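First comes the structure, then the notes that go with it.
Residue numbers (my numbering): 148 to 304.
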């Protein structure tokens, strides 16, 4: 069975209220979305949208929405009046472009850290090779000096 426009409107409003109570935050745009005048008069004279027969009567077509609304509305009113401690602020919304730039920046920073580690390792290897080369040159110099001191043997015939 297809959901009617009125039921869909009520359902979406109730779901928005439930979400706000669940998160503990009343978003600034929520009153505009909900048209909260409707919500405030849910207990208004008969035949208002919230107390009409199709909503208010037990077992009626939309009575489930009325039950959900009755359950969530007191919590929402407390939350809206500030009597309930509000939850953390919602995270700042980012555009897709900003998010992609942030992800690319994080990837580049990680790549930069890896390259820096490689460079430092290579510099360490270069220093150790220079030390080895210097000691080898010193040994070569000592050997060549000792070779100059050696007197060649003459062959006698």
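All C-beta atoms in this analysis are idealised placements derived from N, C-alpha and C, irrespective of residue type, glycine included.
Since we're looking at a predicted model, the values are computed, not measured.
Taking the CB atoms as reference points, tell me whether residue i and residue j lie closer together than 7 Å.
i	j	result
residue 219	residue 164	yes
residue 158	residue 212	yes
residue 173	residue 215	no
residue 266	residue 223	no
Nearest to residue i by alpha carbon, out of the options?
i	options	result
residue 166	264, 226, 150	226
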